[in-house]
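Scroll down for the structure; my scribbles are underneath it.
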Amino acid sequence: MSQPTLHDLHRPFGSTGLMVSPLGLGTVKLGRDQGVKYPNGFQIPDDQEARMLLKLTRDLGINLIDTAPAYGRSEERLGPLLRGQRQEWVIVSKVGEEFADGVSRHDFSAAHTRLSVERSLQRLETDFIDLVLVHSDGNDLVILEQCEVYQTLAQLKQEGKIRGFGFSGKTVDGGLKALEQGDCAMVTYNLNEQAERAVIDYAAAQHKGILVKKALASGHVCLSPGTDPVRASFELLFDRPGVASAIVGTINPLHLAHNVATVAQVLGQN
């Protein structure tokens, strides 16, 4: 039997005009191994391993790739690794969080937002980024109501440097507020945490895009014996029409292929 792929299962991302695969590749593990919340340790792949992983990702029909300045060297590695392939990927990056010397710090000012996007464009070797999300520190409403980050992203969109913008937050109120002006939101939604369901449903009603983070509870999901936790997770996610894509950050080719096969099966039954 041939390996299932997601090539025929791409879907619209809100009203952005982008078409995305139902699974996206998270790339924190390409650039950062400090201060990450995974159950097992891992080694950052070298360029050869990363190149093979990205080729497999593409061959399996995934066109969505998620990165961030806070992911260590992820962006600067992706630039050369994706050289010559720009039109084949929908690239998501972020602003607001920096990670250096093992510590995160946040800056949601207009000046830093612009500097961050310009730097991401250089690192990724591209003249536009498809989606830029605000990397919230948890104070979602304060960021949206008192900081200049969202207005600055709207300007960058008008300038053509980004195609859409949104918010990766931690609260329902933040997610709902972010979707009023933004194109999309990234929410936590998995078998353990479903508090942000209201954001997903609001997005569906307003034709906004939703990306899901921690879809597999960062590898921590556990269920009763005999139940496939990956399948149960994706069934939960794709049961909600508002979910466009789930971002899963694996560097294991077997896990990647298994995730793709499972999503193809789940969506094939819907």
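For the sequence shown, counting from 1, position 156 maps to 156 in full-length UniProt numbering; every step adds exactly one. Glycine residues also receive a C-beta, built at the ideal position from the N, C-alpha and C atoms.
| query | In the stretch 56-131, which residue ranges form an unbroken alpha helix (DSSP H) of at least 4 residues, counting only runs that do not cross its ends? | reply | Runs of the alpha helix (DSSP H) inside the stretch 56-131: 74-81, 110-123.
| request: Sort G35, N252, G226, S93 by Cα distance to E75 and report the nearest one. | output: Taking the first residue of the sequence shown as position 1, residue 75 is located at position 75. When only C-alpha atoms are compared, the closest one is S93.
| query | Considering only residues of the same chain and omitting the five flanking positions on each side of E118, which have a CB-CB separation below 7 Å? | reply | Here residue 118 refers to the residue found at position 118 of the sequence shown. Nothing listed; no residue qualifies.
| request: With a floor of 3 residues, list each beta strand (DSSP E) that falls wholly inside the stretch 173-237, ordered by position along the chain. | output: 184-188, 209-213
| said: Measuring straight from C-alpha to C-alpha, what distance separates A100 and I162? | reply: Numbered from its first residue, the sequence shown carries residue 100 at position 100. Numbered from its first residue, the sequence shown carries residue 162 at position 162. Taking C-alpha positions only, A100 is separated from I162 by approximately 25 Å.
| D66: buried (16+ other C-beta within 10 angstroms of its C-beta) or exposed? | Indexing the sequence shown from 1 puts residue 66 at position 66. Buried, since its Cβ has 16 or more Cβ neighbours within 10 Å.
| query | Is the stretch 11-30 close to the stretch 49-68, with three or more CB pairs under 8 Å? | reply | yes
| task | Would you mind reading off the limits of the beta strand (DSSP E) that contains V142? | result | Residue mapping note: residue 142 aligns to position 142 of the sequence shown, counting from 1. It is not in any beta strand (DSSP E) - V142 instead sits in the alpha helix (DSSP H) that spans 140-146.
| Taking the C-alpha atoms as reference points, what is the distance between L237 and H112? | Residue 237 sits at position 237 when you count from the first residue of the sequence shown. Residue 112 sits at position 112 when you count from the first residue of the sequence shown. Taking the straight line from one Cα to the other gives about 34 Å.
| query | Between which two residues does the beta strand (DSSP E) harbouring L23 extend? | reply | Within the sequence shown, numbered from 1, the residue matching residue 23 stands at position 23. Note, L23: beta strand (DSSP E), 23-26.
| So, A232 versus L191, is the Cβ gap smaller than 8 Å? | To locate residue 232, count along the sequence shown from 1; it is residue 232. To locate residue 191, count along the sequence shown from 1; it is residue 191. Contact: yes.
| message | Can you tell me where the beta strand (DSSP E) holding V248 begins and where it ends? | response | For the purposes of this step, residue 248 is identified with residue 248 of the sequence shown, where counting begins at 1. For V248, the enclosing beta strand (DSSP E) stretches over residues 245-248.
| task | Kindly indicate the opening and closing residues of the beta strand (DSSP E) around G166. | result | What you label residue 166 is simply residue 166 of the sequence shown in a count that begins at 1. Run containing G166: 162-168, per the beta strand (DSSP E) assignment.
| Straight-line Cα distance separating S136 from D239 | Here residue 239 refers to the residue found at position 239 of the sequence shown. Here residue 136 refers to the residue found at position 136 of the sequence shown. The alpha-carbon atoms of D239 and S136 are separated by roughly 27 Å.
| field | Any 3 or more C-beta pairs closer than 8 Å across the stretch 82-97 and the stretch 120-135 | value | yes
| said: With a threshold of 8 Å on Cβ separation, who are the neighbours of L81 within its own chain once the five nearest residues in sequence on each side are excluded? | reply: Sequence index remark: in the sequence shown, residue 81 carries index 81 (1-based). Same-chain partners within the cutoff: D47, A50, R51, L54.
| query | Going by other Cβ atoms of all chains shown within 10 Å of its Cβ, with 16 needed for buried, is D8 buried or exposed? | reply | Within the sequence shown, numbered from 1, the residue matching residue 8 stands at position 8. With fewer than 16 Cβ atoms within 10 Å of its Cβ, D8 is classed as exposed.
| field | Backbone CA spacing between K157 and G226 [nearest angstrom] | value | What you label residue 157 is simply residue 157 of the sequence shown in a count that begins at 1. What you label residue 226 is simply residue 226 of the sequence shown in a count that begins at 1. Taking the straight line from one Cα to the other gives about 47 Å.
| request: Can you tell me the Cβ-Cβ gap for K214 and T188, rounded? I've got them flagged as a contact below 8 Å. | output: Your numbering for residue 214 matches position 214 in the sequence shown. Your numbering for residue 188 matches position 188 in the sequence shown. So it is a contact: roughly 5 Å between Cβ atoms.
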